[in-house]
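Asks: Numbering (our numbering) for the sequence shown: 3 to 538. Once you've had a glance at the structure underneath, I'll fire off some questions.
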Amino acid sequence: MNREKRETIDKLFSASRFHMGPEAWENLLKAFASAQAPEELPGVLAHHAARFGLPDYLPELARLEWAIHEASPSEATCQAPSGRLSINPTLCLLQFSWKHLPALLSTLERCPVTYPEKGDEFVLLWRHPANGELMVRSACDEDLLVLKIVVEGISPGKAAAEGHVPVYVIDAAIERGVGKGLLLAPASSIRRDRSAFPTNVEIEESALSASVFTLQWHITQACELHCRHCYDRSHIEPIELTQAMALLDDFHGFCLDHHVRGQISFTGGNPFLHPDFLTLYRAAVERGFGAAILGNPVPRKWLQDLVAIERPVFFQVSLEGLPEHNDWIRGPGHFALSLGFLDLLREFGVYSIVMLTLTRHNIAQVLPLAEMLRDKTDLFTFNRLSLVGEGARLQVPSKDQYITFLHTYADAASDNPVLGLKDNLFNIVRYRKGLHLFGGCSGYGCGAAFNFITVLADGKAHACRKFPSPIGDVVHSSIAEVYSSEAARSYRTGCDVCRSCAIRHVCGGCLSSAYSFGLNPLKDRDPYCFIERTDT
């Protein structure tokens, strides 16, 4: 055997050589005819294993090494196909009669963590789509299950029924398969229309395509509070439980068809006052949705029952300023009750958010309140008051007041970790300073009818809850039909004036603010916007 071939074989079968030892390896190569190709070495090893007193698993280890070599030259880039979930085209499935062979591939001078044992096992070889790295792993039952689901075109619902498990178990397994790179998921079809943005501005793909879609579901109007800025105290009869379950199934199908993860933010009113709230919450969790709560403080037992089903993604409560002002807005004792509830959320390990509705009366209280909340909550942020419903009786800050407040708040946020940036107009401040732009109100500027919709207790759908923005009815139409309606497209396209703005992809202003001032939110820009042509 010439030197070049010897070096090639030594390299290709380095793990086999290491585990055989120098003497046995030299004896094997003497039995390996110079005319034989490297891929024939596993067979030669199998033929001579007993003669050299070698472990029975070594021929299969050599076969695995040859398979790795054949996979190595591949430079295939694994782009997710459009339209459907598929198997990574670089995937190779090998069956062996020995288990734990991949653990022997390391030639470091240390003992393997797991030794081979007799028994059938599948080994997977594939290139990860994120970085092209060659992966070699023993296949677990979940790997084989998700591969079977995709190859045979089995729906997650059918797989869940056959396995007697909730569908979220199957969805989670598929998501992990995508994360490992075994499966390739098609790109989200929740996408912005690029033509709605200026052509001379470079926009990252992540700003145009949403991976999560949120259903903000006001399941009831029932509420123990009577806040002075409440947008809607009208009586709305909730849909029947069977209709609510059908809505959850429809939303699950919508998310699958659009290749997004679904989240449901249960709210009201107070969602806990819906007679079937825990049933709906459990059903949402069983369908694989992230479940969050936008509500009021509740007793320990109620929170305990909720967490027993599944800890919510977050629990959001509201405070409207310092104690006296807050209790004037929300009722006597509410401030102290809320602070105690924040401690309870922390005890149960639930991520907490405090939301404030910004008015002319509490704008000076925001940062002092933030200091009180520094060690009480995970996130504190605000929405501007919308002059809708009872909120029309209050007053909003002047534009100059608000611009000054944004700068002061942004500075304070660099020191107080609970202060979150939510309002889109913070991006004007950051843009002028040359700072990295954040995602805006919904992660995509204004997300109304883009990566979220609002559904009221009776099934009426709106682009945003903060102002009348009807886009359909999810009881009499599918969510997909509502989402693709002309009204929904208009709201997610946003204000005409904003289309030429360099930061449109992370802003778009606030449509409800324009509505509050009697403007057309689809044609007139946010009256608080202070970006100028010289900025862009």
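Glycine included, each C-beta is placed from N, C-alpha and C at the ideal position. In this text, all values refer to a predicted model and were calculated from it rather than measured experimentally.
Should GLU62 be labelled buried (16 or more other beta-carbon atoms within 10 Å of its own) or exposed?
Replies: By one-based count along the sequence shown, residue 62 stands at place 60. Buried, since its Cβ has 16 or more Cβ neighbours within 10 Å.
Asks: For a minimum of 3 consecutive residues, which ranges assigned as the beta strand (DSSP E) are wholly contained in the segment 307-383?
Replies: Within the segment 307-383, the complete beta strand (DSSP E) runs of at least 3 residues are 317-320, 354-360.
Asks: Let me know the beta strand (DSSP E) ranges lying completely inside the segment 429-491, each 3 residues or longer, listed in chain order.
Replies: Complete beta strand (DSSP E) runs here, min 3: 454-457, 462-464, 472-475.
Asks: Assign GLN38 to one of three DSSP states: helix, strand, or coil.
Replies: Position 36 of the sequence shown, counted from the first residue, corresponds to residue 38. Residue state, collapsed to three classes: coil.
Asks: Applying the 10 Å Cβ sphere with the 16-neighbour rule, what's the burial state of ARG506?
Replies: For the purposes of this step, residue 506 is identified with residue 504 of the sequence shown, where counting begins at 1. ARG506 comes out buried.
Asks: Per DSSP, ARG139 forms a beta bridge with which residues?
Replies: Here residue 139 corresponds to residue number 137 of the sequence shown, with the count starting at 1. Beta-bridge pairing links ARG139 to LEU126.
Asks: Which residues mark the beginning and the end of the alpha helix (DSSP H) in which GLN245 is found?
Replies: Mapped onto the sequence shown, residue 245 falls at position 243. GLN245 -> alpha helix (DSSP H) spans 243-260.
Asks: Can THR361 and LEU321 be called in contact, C-beta distance under 8 Å?
Replies: Position 359 of the sequence shown, counting from 1, holds the residue named residue 361. Position 319 of the sequence shown, counting from 1, holds the residue named residue 321. Result no, Cβ atoms of THR361 and LEU321 do not sit closer than 8 Å.
Asks: Compare the beta carbon distance of LEU282 and ILE241 with 8 Å and say whether it is the shorter of the two.
Replies: As a working mapping, residue 282 is identified with position 280 in the sequence shown. As a working mapping, residue 241 is identified with position 239 in the sequence shown. Result no, Cβ atoms of LEU282 and ILE241 do not sit closer than 8 Å.
Asks: Which residue from ILE430, PRO57, ASP195 puts its Cα closest to that of PHE452?
Replies: Within the sequence shown, numbered from 1, the residue matching residue 452 stands at position 450. Considering only alpha carbons, the answer is ASP195.
Asks: Note down the Cα distance separating GLY422 from HIS166, rounded to an integer number of angstroms.
Replies: Within the sequence shown, numbered from 1, the residue matching residue 422 stands at position 420. Within the sequence shown, numbered from 1, the residue matching residue 166 stands at position 164. So the alpha carbons of these two residues sit roughly 42 Å apart.
Asks: Kindly identify the DSSP beta-bridge partner or partners of ARG2.
Replies: Given a span of 3 to 538 for the chain in the structure shown, any question on residue 2 remains unanswerable.
Asks: Helix, strand or coil for GLN397 per DSSP?
Replies: For the purposes of this step, residue 397 is taken as residue 395 along the sequence shown, with counting starting at 1. Coil, per DSSP.
Asks: Kindly indicate which three-state DSSP category SER88 falls into: helix, strand or coil?
Replies: Numbered from its first residue, the sequence shown carries residue 88 at position 86. Strand.
Asks: On the DSSP bridge list, what partners appear for ALA294?
Replies: Counting from one through the sequence shown, the residue named residue 294 turns up at place 292. According to DSSP, ALA294 bridges with SER267.
Asks: In angstroms, rounded to a whole number, what distance separates the CA positions of GLY255 and ALA52?
Replies: Indexing the sequence shown from 1 puts residue 255 at position 253. Indexing the sequence shown from 1 puts residue 52 at position 50. If you take the alpha carbons of GLY255 and ALA52, they lie about 57 Å apart.
Asks: Which ranges would you report for the alpha helix (DSSP H) in the segment 144-202 if only whole runs of at least 4 residues count?
Replies: Listed in chain order, the complete alpha helix (DSSP H) runs (minimum 4 residues) inside the segment 144-202 are 158-165, 169-182.
Asks: Where does ASP413 land, buried or exposed, given buried means 16+ other C-beta within 10 angstroms?
Replies: The count along the sequence shown starts at 1 and reaches residue 413 at position 411. The residue is exposed, with fewer than 16 neighbouring Cβ atoms inside 10 Å.
Asks: Within this structure, are the beta carbons of LEU347 and ASN298 separated by less than 8 Å?
Replies: By 1-based counting over the sequence shown, the position of residue 347 is 345. By 1-based counting over the sequence shown, the position of residue 298 is 296. No; because the gap between Cβ atoms is not below 8 Å, this pair is not in contact.
Asks: So the candidates are CYS443, ARG501, CYS512; which of them puts its Cα closest to the Cα of THR201?
Replies: On the sequence shown, residue 201 is found 199 positions in, with the first residue counted as 1. Comparing Cα positions, the closest option is ARG501.
Asks: Consult DSSP for GLY422 and reduce its assignment to one of helix, strand or coil.
Replies: Here the question's residue 422 lines up with position 420 in the sequence shown. Three-state result, GLY422: coil.
Asks: Using beta-carbon positions only, say whether ILE192 and PHE199 come within less than 8 Å of one another.
Replies: In the sequence shown, residue 192 corresponds to position 190, counting from 1. In the sequence shown, residue 199 corresponds to position 197, counting from 1. No.
Asks: Smallest Cα separation from SER354: which of GLU135, THR216, ALA294?
Replies: Here residue 354 refers to the residue found at position 352 of the sequence shown. Of the listed residues, the one whose Cα sits closest to SER354 is ALA294.
Asks: Which of the three DSSP states is assigned to PHE519 in this structure?
Replies: If you number the sequence shown from 1, residue 519 lands on position 517. In the structure shown, PHE519 sits in coil (DSSP, three-state: anything other than H, G, I, E or B).
Asks: Where does the unbroken alpha helix (DSSP H) through VAL46 begin, and where does it stop?
Replies: By 1-based counting over the sequence shown, the position of residue 46 is 44. Here the alpha helix (DSSP H) through VAL46 covers 43-54.
Asks: Run the CB neighbour count on GLN245, radius 10 Å, all protein chains shown included, and call it buried at 16 or more, exposed below.
Replies: Along the sequence shown, one-based indexing puts residue 245 at 243. With fewer than 16 other Cβ atoms within 10 Å, it is exposed.
Asks: Just checking my contact of VAL457 with ILE473 at CB under 8 Å: how many whole Å lie between their CB atoms?
Replies: As a working note, residue 457 is residue 455 in the sequence shown. As a working note, residue 473 is residue 471 in the sequence shown. That pair is no contact at about 10 Å.
Asks: When you compare each of ARG313, LEU103, GLU41, ARG139 to LEU280 by their alpha carbons, which one comes out closest?
Replies: Taking the first residue of the sequence shown as 1, we reach residue 280 at position 278. Of ARG313, LEU103, GLU41, ARG139, the residue nearest in Cα terms is ARG313.
Asks: Put PHE407 into one of helix, strand or coil per three-state DSSP.
Replies: Counting from one through the sequence shown, the residue named residue 407 turns up at place 405. Of the three classes helix, strand and coil, the one that applies to PHE407 here is helix, per DSSP.
Asks: Excluding the 5 residues flanking ARG8 on each side, which residues of the same chain have their C-beta closer than 8 Å to its C-beta?
Replies: The residue labelled residue 8 in the question sits at position 6 within the sequence shown. Result list for ARG8: LEU31, in chain order.
Asks: Could you spell out where the beta strand (DSSP E) holding LEU96 opens and where it closes?
Replies: Counted from its first residue, the sequence shown places residue 96 at position 94. Note, LEU96: beta strand (DSSP E), 94-101.
Asks: Let me know if GLY155 comes out buried or exposed under the rule of 16 or more other beta-carbons within 10 Å of its beta-carbon.
Replies: Position 153 of the sequence shown holds residue 155. Label assigned to GLY155: exposed.
Asks: In the DSSP assignment, the alpha helix (DSSP H) including VAL287 goes from what residue to what residue?
Replies: The residue labelled residue 287 in the question sits at position 285 within the sequence shown. Here the alpha helix (DSSP H) through VAL287 covers 279-288.
Asks: Would you mind reading off the limits of the beta strand (DSSP E) that contains THR222?
Replies: What you label residue 222 is simply residue 220 of the sequence shown in a count that begins at 1. Run containing THR222: none; DSSP gives neither H nor E here.
Asks: Where does LYS13 sit, in a helix, a strand or coil, going by DSSP?
Replies: Numbered from 1 along the sequence shown, position 11 holds the residue referred to as residue 13. In this structure, LYS13 counts as helix in the three-state DSSP scheme.
Asks: Which first and last residues belong to the alpha helix (DSSP H) in which ASN29 is found?
Replies: The sequence position of residue 29 within the sequence shown is 27, counting from 1. Counting along the chain, the alpha helix (DSSP H) containing ASN29 begins and ends at 24-33.
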